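Asker:
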Amino acid sequence: MGIFQKMAQSLSKTRSMLMDSVDTALSTFVRLDEDMLEELEDALIMADMGAVAASQIVNGVRDRAKKERAETPEAVKALIAQEIAAILELDAGRFDPAPPCILLVVGVNGVGKTTSIGKLAHMFRQEGKSVMLAAADTFRAAAVDQLEIWAARNGVAIIKQAEGSDPGAVIFDAVAAAKARGTDVLICDTAGRLHNKKNLMNELAKLTKIIAGNYAEANVETLLVLDATTGQNALAQARTFKEAANVSGIILTKLDGTAKGGIVVAIKQELGLPVRFVGVGEGIGDLEAFDAPSFAKAMFEA
């Protein structure tokens with residue numbers, strides 16, 4: 042199954058909800074007027090794209106519809122998809138940091154962080170890269186055990202300490218091991234943090250400092266895991282994490298189980314954070330590198 046087919050399948054709930062609203066707005070189409078544009082903007086907001094992105098998209102459609110003579114509902118839908126793609130494609134090249142690379146994976150509890158790490162490890166292994174995991178979530182019961190299972194499934198090394206250990210010590214050991222072994226990608230799990238807990242956010246800064254101080258030549262990326270089913274709450278989490286940590290990209294999980302897939306657009310438009318990967322199923326291979334044109338097209342086509 043190709044990337045578009047997977048994206049279309051995972052966006053079926055979002056597409057169904059969005060298309061119902063868009064078709065209703067365009068049901069009396071003779072020409073694109075301001076009332077229809079207002080209804081289209083409401084439809085985009087209801088798909089969790091956010092008011093700012095929805096307004097930008099509709100403004101683009103208004104301007105282009107006149108210039109390009111979009112005289113059918115299908116032509117208007119195509120313009121909407123193109124405007125969405127334009128937002129998502131801005132500064133959004135393929136995520137492929139050169140080795141040695143350290144991924145610090147952050148996010149609140151329950152978003153699928155540990156599972157995403159396991160899927161990332163699988164993806165990088167499929168690309169022929171060497172991978173190591175660091176179990177720096179030392180607070181949640183069984184977190185280390187879960188990461189060990191993923192390490193075993195992927196046939197990769199894991200650096201861990203006892204439950205309750207200092208996460209900084211785990212990161213220190215993992216960085217040293219990855220550096221000594223010439224590992225291509227070190228993926229670091231972290232404790233699920235409530236985004237309003239400042240002291241826990243400060244710990245993220247501490248972990249980043251340990252990495253920088255002990256492996257300066259490594260390419261470091263901080264990936265924030267968000268649950269697509271939470272809609273605008275995911276945007277609030279992203280905003281807070283961006284302020285507290287050097288977040289460079291998003292992993293959006295559970296895209297296949299929500300009608301709120303438009304949150305991808307809101308995150309990019311309002312925060313400038315690219316979605317790097319999306320979860321499109323429960324299998325080990327169901328984490329896809331995000332493709333903006335396929336996403337935008339899949340919002341309107343099955």
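Counting in my numbering, the sequence shown runs from 42 upward without gaps.
Note that the Cβ used here is the ideal one computed from N, Cα and C, for glycine as well.
Predicted model, so just to flag it, every value in this text is computed and none were measured.
Rounded to a whole number of angstroms, what is the C-alpha to C-alpha distance between Arg110 and Ala269?
Answerer: Going by the C-alpha atoms only, they are around 35 angstroms apart.
Asker: Around the Cβ of Asn100, are there at least 16 other Cβ atoms within 10 angstroms (buried) or fewer (exposed)?
Answerer: That one is exposed.
Asker: Leaving aside the five residues before and after Val226 along the sequence, list all residues of the same chain whose C-beta is less than 6 angstroms from its C-beta, in chain order.
Answerer: So the qualifying residues of the chain are Cys142, Phe165, Lys170, Val172.
Asker: By the DSSP assignment, the alpha helix (DSSP H) with Leu78 in it spans what residues?
Answerer: Note, Leu78: alpha helix (DSSP H), 75-87.
Asker: On the three-pair Cβ rule with 8 angstroms, is the stretch 114-134 touching the stretch 250-260?
Answerer: With a cut-off of 8 angstroms, the stretch 250-260 and the stretch 114-134 do not count as touching, because too few Cβ pairs lie within range.
Asker: Taking the CB atoms as reference points, tell me whether Met87 and Ser57 lie closer together than 7 angstroms.
Answerer: No; because the gap between Cβ atoms is not below 7 angstroms, this pair is not in contact.
Asker: Helix or strand or just coil, what does DSSP make of Phe282?
Answerer: Helix at Phe282.
Asker: Whether or not the stretch 202-215 and the stretch 153-164 are in contact is what I'm after, with contact meaning three or more pairs of Cβ atoms, one per stretch, closer than 8 angstroms; do they touch?
Answerer: No: the two stretches stay apart, fewer than three of their Cβ pairs being nearer than 8 angstroms.
Asker: What residue range does the alpha helix (DSSP H) around Val306 cover?
Answerer: Unbroken alpha helix (DSSP H) run through Val306: 304-312.
Asker: Using the beta-carbon count (16 or more within 10 Å), is Asn195 buried or exposed?
Answerer: That one is buried.
Asker: Spell out a yes or no on whether the stretch 273-280 and the stretch 297-312 are touching, meaning 3 or more CB-CB pairs, one atom from each, closer than 8 angstroms.
Answerer: Counting Cβ pairs under 8 angstroms, three or more are found: they touch.
Asker: Between which two residues does the beta strand (DSSP E) carrying Leu161 extend?
Answerer: Run containing Leu161: none in the beta strand (DSSP E); it sits in the alpha helix (DSSP H), 154-167.
Asker: Report the option in Ala92, Ile125, Ile190, Glu329 whose CA atom is closest to the CA atom of Gln167.
Answerer: Cα-wise, what sits closest to Gln167 is Glu329.
Asker: Any idea which residues DSSP pairs Gly290 with across the strands?
Answerer: According to DSSP, which records beta bridges pairwise, Gly290 is partnered with Leu264.
Asker: With a 10 Å radius around its C-beta and 16 neighbouring C-beta atoms as the bar for buried, classify Gly324 as buried or exposed.
Answerer: The residue is exposed, with fewer than 16 neighbouring Cβ atoms inside 10 Å.
Asker: By DSSP, does Thr179 sit in helix, in strand, or in coil?
Answerer: Here Thr179 sits in coil by DSSP.
Asker: Can the beta-carbon of Asp297 be found closer than 7 angstroms to that of Gly322?
Answerer: Contact: yes.
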